[in-house]
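Asks: First the structure, then my questions, so here it is.
Residue numbers (full-length UniProt numbering): 1 to 506.
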């Protein structure tokens with residue numbers, strides 16, 4: 001049997017010119033299939049017969065076209081999975097993890113990993129860390145200054161686990177090829193990574209290859225795996241600011257409102273000579289201090305009070321509180337899953353003693369786990385949030401706090417600062433949002449001043465811990481669900497183990 005011949009495409013903007021090109025190529029070479037790893041016009045693509053079998057990736061959160069409407073030679077690969085094309089096993093993962101909403105979940109990645117190795121891996125997302133061993137002139141210009149925010153760590157991990165011979169990606173749309181890399185130090189298997197640009201661009205948007213028998217030895221230019229290597233070459237990209245130790249005084253409530261937390265100029269201070277506000281075209285103030293910045297456009301109506309004249313952020317009407325009717329771990333909720341409760345402190349629902357009781361529980365758990373645990377407290381505003389929470393996760397004795405911080409910064413854009421070992425959240429202004437982490441050996445804080453509108457992933461800590469534990473699917477707590485009987489049995493086992501450390505024994 002002849003070795004399979006395939007074509008891989010980047011983002012498709014129009015099917016007519018693409019199919020004309022494919023028709024010419026297919027007439028000369030007789031390709032077995034074409035795969036699109038970018039985005040594509042769904043209605044147009046599925047309604048137009050293709051000149052050869054064409055496979056499109058469609059994220060799971062996009063509706064699947066009706067089977068009866070899909071034209072001849074067109075196949076839509078929905079979500080994630082594997083498909084056999086002749087002798088080739090093709091794994092695919094559609095969507096972008098950092099999209100809104102995410103195009104796939106850690107659970108999808110784990111499910112694809114469970115299907116086993118594949119010859120081709122098709123992902124729309126790029127792998128985070130693709131650039132680690134590349135010189136700057138090999139990195140696409142559009143990505144050169146944002147490599148640390150490009151792609152997903154989950155895709156990098158997926159490629160390492162599945163060890164495909166080829167890995168293709170298409171979002172963002174840019175052409176990039178890595179030298180073949182080893183999947184591990186002692187293995188002869190290697191992977192070629194190719195990212196493709198958008199159809200019609202001046203970059204490479206189509207890749208043709210013949211998938212013959214796997215060679216017995218890697219090529220001479222093989223490199224280590226970029227996703228586990230450390231970049232050592234000089235780079236022209238701006239260096240990340242050094243990590244600093246933040247004092248408690250810097251975060252005192254009176255000072256928090258005056259501090260930008262290393263994010264640009266001081267509000268209210270005059271700009272340098274020559275600076276002109278881009279909003280009103282007048283010098284003398286920054287754009288954030290511009291009088292027009294607080295004036296909504298004509299026709300704008302506040303979505304909270306339904307009155308014109310102000311933005312919702314300046315609305316005097318308080319947001320309606322939400323009753324915790326559906327919360328499964330609020331003691332006041334009729335839906336509380338009481339079978340999971342191990343212990344209730346005598347003053348946990350009271351003030352001001354609740355912090356003292358909470359600290360006693362935290363110290364008891366630290367002792368129980370020999371200090372090998374991560375404790376994190378977060379307050380990130382969401383529409384559904386009705387309370388703050390503290391979570392405790394046991395970790396391995398070899399837990400690396402710096403690797404944890406780096407992972408949070410790379411994968412979620414959350415850059416933790418190391419704080420003094422006596423720091424407590426009492427030092428943070430009551431209207432500030434934060435994530436405070438107590439890890440083995442250090443404490444760290446991510447803090448947002450009032451008015452900061454950045455979107456912060458609520459599960460950033462859990463996601464990083466799950467990845468570091470080799471269980472990325474567990475970032476989604478729904479993947480940890482058990483039956484009530486199994487959860488009750490686990491509760492009883494933990495209750496027995498915790499009894500010697502219980503600060504409030506019955």
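Even for Gly, the Cβ is constructed at its ideal location relative to N, Cα and C. On a predicted model such as this, the values are computed, not experimentally measured, just so you know.
When you compare each of 86, 82 and 365 to residue 94 by their alpha carbons, which one comes out closest?
Replies: In the chain shown, residue 94 corresponds to position 94, counting from 1. Comparing Cα positions, the closest option is 82.
Asks: Pair every Cβ in the segment 107 to 123 with every Cβ in the segment 161 to 181, then say whether three or more of these pairs are closer than 8 Å.
Replies: With the cut-off at 8 Å, the segment 107 to 123 and the segment 161 to 181 touch.
Asks: So what's residue 408 in DSSP terms, helix, strand or just coil?
Replies: Translated into positions along the chain shown, residue 408 becomes position 408. Three-state DSSP puts residue 408 in a helix.
Asks: Per the DSSP calculation, residue 433 is bridged to which residue(s)?
Replies: Along the chain shown, read from residue 1 onward, the residue named residue 433 stands at position 433. For residue 433, which the question treats as bridged, DSSP gives the partners 448.
Asks: Residue 230 to residue 178, Cα distance in whole Å?
Replies: As a first step, residue 230 must be located in the chain shown, where it is residue number 230. As a first step, residue 178 must be located in the chain shown, where it is residue number 178. With a pLDDT of only 46 at residue 230, under the threshold of 50, the placement of this residue in the model should not be trusted; the figure read from the coordinates follows. The alpha-carbon atoms of residue 230 and residue 178 are separated by roughly 16 Å.
Asks: Using only CA atoms, which one of 26, 74, 31 and 147 lies nearest to residue 43?
Replies: Along the chain shown, one-based indexing puts residue 43 at 43. Selected option, being the one with the closest Cα: 74.
Asks: Would residue 434 pass as a contact of residue 443 if the rule is Cβ separation under 9 Å?
Replies: To locate residue 434, count along the chain shown from 1; it is residue 434. To locate residue 443, count along the chain shown from 1; it is residue 443. Taking 9 Å as the Cβ cut-off, residue 434 and residue 443 do not qualify as a contacting pair.
Asks: Buried or exposed, going by whether 16 or more other CB atoms sit within 10 Å of the CB of residue 255?
Replies: Start at 1 with the first residue of the chain shown, and residue 255 comes out as number 255. Only weak support exists for where residue 255 lies, its pLDDT of 29 falling under 50; the coordinates are left without a value.
Asks: For residue 84, which three-state DSSP category applies?
Replies: What you label residue 84 is simply residue 84 of the chain shown in a count that begins at 1. Strand, per DSSP.
Asks: List the whole-angstrom C-beta distance separating residue 227 from residue 160, where the pair is believed to meet the contact cut-off of C-beta under 8 Å.
Replies: Counting from one through the chain shown, the residue named residue 227 turns up at place 227. Counting from one through the chain shown, the residue named residue 160 turns up at place 160. Right, their Cβ atoms sit about 6 Å apart.
Asks: Whole angstroms are fine: how far does the CA of residue 340 sit from the CA of residue 481?
Replies: In the chain shown, the residue the question calls residue 481 occupies position 481. In the chain shown, the residue the question calls residue 340 occupies position 340. Using only the alpha carbons, I get a separation of about 12 Å.
Asks: Taking DSSP as the reference, what is the three-state secondary structure of residue 167?
Replies: Residue mapping note: residue 167 aligns to position 167 of the chain shown, counting from 1. If DSSP states are grouped into helix, strand and coil, residue 167 belongs with the strands.
Asks: First and last residue of the alpha helix (DSSP H) that includes residue 394?
Replies: Here residue 394 refers to the residue found at position 394 of the chain shown. Here residue 394 belongs to no alpha helix (DSSP H); instead the beta strand (DSSP E) covers 389 to 394.
Asks: Mark residue 474 as exposed unless 16 or more other C-beta atoms lie within 10 angstroms of its C-beta, in which case mark it buried.
Replies: As a working note, residue 474 is residue 474 in the chain shown. Answer is buried; the Cβ neighbour count reaches 16.
Asks: Sort 208, 182, 59 and 202 by Cα distance to residue 224 and report the nearest one.
Replies: Working through the chain shown from its first residue, we reach residue 224 at position 224. Taking only the C-alpha atoms, the option nearest residue 224 is 182.
Asks: The beta strand (DSSP E) with residue 143 in it runs from where to where?
Replies: Within the chain shown, residue 143 is the residue found at index 143, counting from 1. First-last for residue 143: undefined, no H or E at that position.
Asks: Quick one: what's got a C-beta closer than 8 Å to residue 466's C-beta in the same chain, skipping five residues either side?
Replies: The residue labelled residue 466 in the question sits at position 466 within the chain shown. Around residue 466: 106, 472, 473, 474 and 475.
Asks: Under the rule that 16 or more other beta-carbon atoms within 10 Å means buried, what is residue 455, buried or exposed?
Replies: The sequence position of residue 455 within the chain shown is 455, counting from 1. The residue is exposed, with fewer than 16 neighbouring Cβ atoms inside 10 Å.
Asks: For residue 372, which residues in the same chain have their Cβ closer than 8 Å to its Cβ, ignoring the five residues on either side in sequence?
Replies: Mapped onto the chain shown, residue 372 falls at position 372. Taken in chain order, the residues that qualify are 394, 395, 396, 397, 399 and 440.
Asks: Is the distance from the Cβ of residue 458 to the Cβ of residue 153 below 9 Å?
Replies: Translated into positions along the chain shown, residue 458 becomes position 458. Translated into positions along the chain shown, residue 153 becomes position 153. Going by C-beta atoms, residue 458 is not nearer than 9 Å to residue 153.
Asks: Return yes when the Cβ of residue 374 is within less than 9 Å of the Cβ of residue 392, no when it is not.
Replies: In the chain shown, the residue the question calls residue 392 occupies position 392. In the chain shown, the residue the question calls residue 374 occupies position 374. Yes, the Cβ-Cβ distance between residue 392 and residue 374 is below 9 Å.
Asks: Closer than 7 Å by C-beta to residue 405: which residues in its own chain qualify, once you throw out the five before and the five after it? Chain order, please.
Replies: For the purposes of this step, residue 405 is identified with residue 405 of the chain shown, where counting begins at 1. Excluding positions up to five away in sequence, the list reads 416 and 444.
Asks: Could you give the DSSP three-state label for residue 504: helix, strand or coil?
Replies: Position 504 of the chain shown holds residue 504. Three-state DSSP puts residue 504 in coil, outside helix and strand.
Asks: Three-state secondary structure (DSSP) at residue 175?
Replies: Counted from its first residue, the chain shown places residue 175 at position 175. In this structure, residue 175 counts as coil in the three-state DSSP scheme.
Asks: Compare the beta carbon distance of residue 460 and residue 412 with 9 Å and say whether it is the shorter of the two.
Replies: Counting from one through the chain shown, the residue named residue 460 turns up at place 460. Counting from one through the chain shown, the residue named residue 412 turns up at place 412. Cβ atoms of residue 460 and residue 412: closer than 9 Å.
Asks: Could you check if residue 145 is buried or exposed, using at least 16 other CB atoms within 10 Å of its CB as the buried criterion?
Replies: If you number the chain shown from 1, residue 145 lands on position 145. Residue 145 comes out exposed.
Asks: Going by DSSP in three states, residue 111 sits in which element: helix, strand or coil?
Replies: As a first step, residue 111 must be located in the chain shown, where it is residue number 111. Reduced to three states, the DSSP call for residue 111 is helix.
Asks: Could you tell me whether the Cβ atoms of residue 402 and residue 128 are closer together than 9 Å?
Replies: By 1-based counting over the chain shown, the position of residue 402 is 402. By 1-based counting over the chain shown, the position of residue 128 is 128. In this structure, residue 128 does not lie closer than 9 Å to residue 402 by Cβ.
Asks: How would you write the range of the alpha helix (DSSP H) that residue 162 sits in, first residue to last?
Replies: Numbered from 1 along the chain shown, position 162 holds the residue referred to as residue 162. First-last of the alpha helix (DSSP H) with residue 162: 153 to 162.
Asks: Between residue 8 and residue 37, how many whole angstroms is the CB-CB distance? I'm expecting something under 8 Å.
Replies: For the purposes of this step, residue 8 is taken as the residue at position 8 of the chain shown. For the purposes of this step, residue 37 is taken as the residue at position 37 of the chain shown. That belief holds up - the Cβ atoms of residue 8 and residue 37 are roughly 6 Å apart, short of 8 Å.
Asks: Shortest alpha-carbon distance to residue 141 belongs to which of 58, 197 and 116?
Replies: Along the chain shown, one-based indexing puts residue 141 at 141. Out of 58, 197 and 116, 197 has the C-alpha closest to the C-alpha of residue 141.
Asks: Could you give the residue range of the beta strand (DSSP E) that holds residue 414?
Replies: Along the chain shown, one-based indexing puts residue 414 at 414. First-last for residue 414: undefined, no H or E at that position.
Asks: Quick check for students: name the residue ranges of the beta strand (DSSP E) that lie wholly in the segment 199 to 226, counting only runs of 3 or more.
Replies: Listed in chain order, the complete beta strand (DSSP E) runs (minimum 3 residues) inside the segment 199 to 226 are 206 to 210.
Asks: Using three-state DSSP, classify residue 5 as helix, strand or coil.
Replies: Numbered from its first residue, the chain shown carries residue 5 at position 5. Three-state DSSP puts residue 5 in a strand.
Asks: Quick check: the Cα distance between residue 130 and residue 173, rounded to an integer number of angstroms?
Replies: Counting from 1 along the chain shown, the entry for residue 130 is found at position 130. Counting from 1 along the chain shown, the entry for residue 173 is found at position 173. The straight-line gap from Cα to Cα measures roughly 15 Å.
Asks: Taking Cβ positions, are residue 117 and residue 89 nearer each other than 9 Å?
Replies: Along the chain shown, one-based indexing puts residue 117 at 117. Along the chain shown, one-based indexing puts residue 89 at 89. In contact: residue 117 and residue 89 (Cβ atoms closer than 9 Å).
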